[in-house]
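Novice: Take the sequence shown: its position 12, counting from 1, is numbered 121 in the numbering used here, and each next residue is one higher.
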Amino acid sequence: MQLYALGLNHHTAPLDIRERVAFQPERLDDALHDLTDARRVREAAILSTCNRTELYFATEQPQLAADWLARFHRLPLADVSPYLYTYPQRDAIRHVFRVASGLDSMVLGEPQILGQVKDAAKRAEEAGTMGTLLHKLFQNTFAVAKEVRSTTAIGANTVSMAAAAVHLSERIFERISDQRVLFIGAGEMIELCAAHFAGANPKQIAVANRTEARAQVLASRFGAEVMRLDVIGEMLPRFDIIVSCTASPLPIVGLGMVERAVKARRHKPVVMVDLAVPRDIEAEVGGLDDVFLYTVDDLAQVVDAGIESRQQAVIEAEEIIDSRVDGFLHWMHSRDAVPTIRALRQHAESLRAAEVERAARLLAKGEDPQKVLDALSHGLINKLMHGPTRFLNQSDGEQQTDANRLVQQLFNLNSH
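1) Looking only at C-alpha atoms, which of Met381, Leu408, Arg388 sits nearest to Asp398?
2) What number of angstroms, rounded off, separates the C-alpha of Val189 from the C-alpha of Leu124?
3) Within this structure, are the beta carbons of Val362 and Leu384 separated by less than 7 Å?
4) Taking C-alpha atoms, which residue in Arg337, Gly308, Glu297, Ala309 lies nearest to Ala315?
5) Mind the definition here: the region 153-166 touches the region 229-237 only if three or more C-beta pairs lie below 8 Å; say whether that holds.
6) Check Pro360 in the structure and name its three-state DSSP category.
7) Can you grab the Cα-Cα spacing for the pair Leu472 / Leu482, in whole Å?
8) Starting from the C-beta of Asn249, find all residues in its chain whose C-beta is less than 6 Å away, skip the five residues before and the five after it, and write them out in chain order.
9) Roughly how many angstroms separate the alpha carbons of Pro346 and Leu193, rounded to a whole number?
10) Over the uninterrupted beta strand (DSSP E) stretch that includes Gly488, give me the two end residues.
11) Give the secondary structure of Thr260 by DSSP, where H, G and I count as helix, E and B as strand, and everything else as coil.
12) If you drop the 5 nearest sequence neighbours on each side, which residues of the same chain put their C-beta closer than 7 Å to that of Thr355?
13) How should Trp440 be labelled, buried or exposed, when 16 other C-beta atoms within 10 angstroms of its C-beta is the threshold for buried?
14) Select from Pro387, Ile350, Met366 the residue whose C-alpha is nearest the C-alpha of Val379.
15) Contact defined as beta carbons within less than 8 Å: I believe Glu343 pairs with Leu364. What is the distance between those atoms, to the nearest angstrom?
16) Please give me, in chain order, every unbroken run of the beta strand (DSSP E) with length at least 3 that falls completely inside the region 155-235.
17) Below 6 Å CB to CB, which residues in the same chain sit around Ile299 once its five sequence neighbours on both sides are set aside?
18) Indicate whether Ser278 and Ala426 have their beta-carbon atoms separated by less than 7 Å.
19) In the DSSP assignment, the beta strand (DSSP E) including Leu115 goes from what residue to what residue?
20) Cβ of Leu223 within 7 Å of Cβ of Ala254?
21) Rounded C-beta distance between Val340 and Glu321? I'm assuming under 8 Å.
In structure tokens:
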């Protein structure tokens with residue numbers, strides 16, 4: 110049984126491919142159960158974000174996971190396989206450590222990914238698809254990410270996606286304080302964006318969400334208005350900046366809706382930021398005059414130029430990760446030795462019990478206790494040494510050299 114990581118991300122696949130294999134939150138439990146059904150894999154967790162879809166699993170046949178991923182999303186494997194990567198054991202462990210530490214993110218060191226990895230582990234645990242291996246892997250992953258973030262400067266001056274959205278808007282509008290901002294959705298990413306935009310004191314903030322109560326909680330934090338999702342079309346012309354990030358499987362904002370809004374605005378520029386995967390805003394909207402549409406891939410291009418200053422932190426983080434990978438692999442290998450250790454102890458215990466029973470009979474007959482103790486100790490030594498001695502005597506040639514070295518190492522004879 111081996112650990113694997115399989116998936117695709119912003120490094121290997123364009124947005125239109127990523128959105129085709131993204132998992133909707135409401136289907137995640139079904140996906141986990143389907144993946145582990147019929148023992149395709151023994152343990153599994155699924156991480157699905159704007160920038161990546163990854164399966165972490167334990168199996169003897171990793172190709173079954175790739176076949177399953179394509180089948181679950183009703184795609185030909187040939188459409189997906191050019192973008193997929195599969196990491197076996199050591200590389201899989203190192204990969205998840207790097208992902209959770211922010212080293213594999215579109216924005217280096219961004220902190221949101223750790224929460225997303227924790228959510229993926231929690232969903233797998235609740236679904237009952239996370240066994241001993243993955244549980245230990247994720248516990249180590251969280252510890253490594255904490256160590257990297259607390260002992261290196263990997264997160265210093267990081268430009269988050271939310272900050273990048275503000276930066277792009279400032280390219281079009283000189284002052285955010287003169288603009289009206291609409292947020293579609295009420296999840297973590299929208300909350301982060303709202304916090305960044307609120308810091309620029311826009312003229313108006315509004316939140317539209319399928320669940321009005323959740324929108325109200327977010328709106329109360331930033332003094333925003335709340336609107337129903339079904340009135341976006343008629344309200345869209347009022348807003349200069351629209352930021353959307355929902356879990357909708359289909360676009361919420363269509364081409365016709367935006368064409369009408371642009372006309373009503375008399376071609377005043379509008380910035381639209383689509384952070385959702387699959388997309389909330391139809392891609393064709395980007396072709397309209399006076400509309401500046403940005404996706405998660407576009408936001409990556411405005412990452413802070415301070416990356417160079419963080420390279421030393423990256424080196425330090427990689428050293429920590431490599432060390433922790435070795436530690437985790439040692440734990441895995443030690444698990445393989447447990448049955449042998451148990452059998453060895455049971456064998457030694459049976460020999461001890463037999464000698465003690467024999468000594469007890471001799472004492473009951475009135476034998477000299479000192480002689481009985483000597484006989485017990487010699488008998489136990491002879492029985493324990495029988496196996497190693499026979500192993501050495503039966504070895505010859507090159508095997509003799511290897512056998513000598515092994516027994517010397519096993520009994521720590523070189524130190525005497």
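Positions of the beta carbon are idealized from the N, C-alpha and C atoms, including for glycine.
Specialist: In short, the structure shows the following:
1) Position 289 of the sequence shown holds residue 398. When each option's Cα is compared against that of Asp398, the closest is Met381.
2) Position 80 of the sequence shown, counting from 1, holds the residue named residue 189. Position 15 of the sequence shown, counting from 1, holds the residue named residue 124. Rounded to whole angstroms, Val189 to Leu124 spans 13 Å at the Cα level.
3) Residue 362 sits at position 253 when you count from the first residue of the sequence shown. Residue 384 sits at position 275 when you count from the first residue of the sequence shown. Contact flag unset, no.
4) Reading the sequence shown from its first residue, position 206 is the one you call residue 315. The shortest Cα separation from Ala315 among Arg337, Gly308, Glu297, Ala309 belongs to Arg337.
5) yes
6) On the sequence shown, residue 360 is found 251 positions in, with the first residue counted as 1. Reduced to three states, the DSSP call for Pro360 is coil.
7) If you number the sequence shown from 1, residue 472 lands on position 363. If you number the sequence shown from 1, residue 482 lands on position 373. Roughly 10 Å separates the two Cα atoms.
8) Position 140 of the sequence shown holds residue 249. Once the five neighbours on either side are set aside, the close Cβ partners of Asn249 are Phe437.
9) Here residue 346 corresponds to residue number 237 of the sequence shown, with the count starting at 1. Here residue 193 corresponds to residue number 84 of the sequence shown, with the count starting at 1. Distance from the CA atom of Pro346 to the CA atom of Leu193, rounded to whole angstroms, is 41 Å.
10) Locating residue 488 in the sequence shown gives position 379, counting from the first residue. Counting along the chain, Gly488 sits inside no beta strand (DSSP E); it lies in the alpha helix (DSSP H) bounded by residues 478-502.
11) Taking the first residue of the sequence shown as position 1, residue 260 is located at position 151. Thr260 falls in the helix class under three-state DSSP.
12) Position 246 of the sequence shown, counted from the first residue, corresponds to residue 355. Answer for Thr355: Ile293, Gly294, Ile361, Ala385, Asp389, listed in chain order.
13) Counting from one through the sequence shown, the residue named residue 440 turns up at place 331. The Cβ neighbour count for Trp440, taken over all protein chains shown within 10 Å, is under 16; the residue is labelled exposed.
14) In the sequence shown, counting from the first residue as 1, residue 379 sits at position 270. Nearest option by C-alpha distance: Ile350.
15) On the sequence shown, position 234 is the one that residue 343 refers to. On the sequence shown, position 255 is the one that residue 364 refers to. Between Leu364 and Glu343 the Cβ distance is about 16 Å, and since that is not below 8 Å, they are no contact.
16) 161-168, 194-197
17) The residue labelled residue 299 in the question sits at position 190 within the sequence shown. For Ile299, where only same-chain residues beyond five positions count, the Cβ hits under 6 Å are Phe292, Cys354.
18) Here residue 278 refers to the residue found at position 169 of the sequence shown. Here residue 426 refers to the residue found at position 317 of the sequence shown. Not in contact: Ser278 and Ala426 (Cβ atoms no closer than 7 Å).
19) Within the sequence shown, residue 115 is the residue found at index 6, counting from 1. It spans 111-118 - the beta strand (DSSP E) in which Leu115 sits, taken as one unbroken run.
20) Start at 1 with the first residue of the sequence shown, and residue 223 comes out as number 114. Start at 1 with the first residue of the sequence shown, and residue 254 comes out as number 145. Going by C-beta atoms, Leu223 is nearer than 7 Å to Ala254.
21) Counting from 1 along the sequence shown, the entry for residue 340 is found at position 231. Counting from 1 along the sequence shown, the entry for residue 321 is found at position 212. Not really, about 12 Å apart at Cβ, beyond 8 Å.
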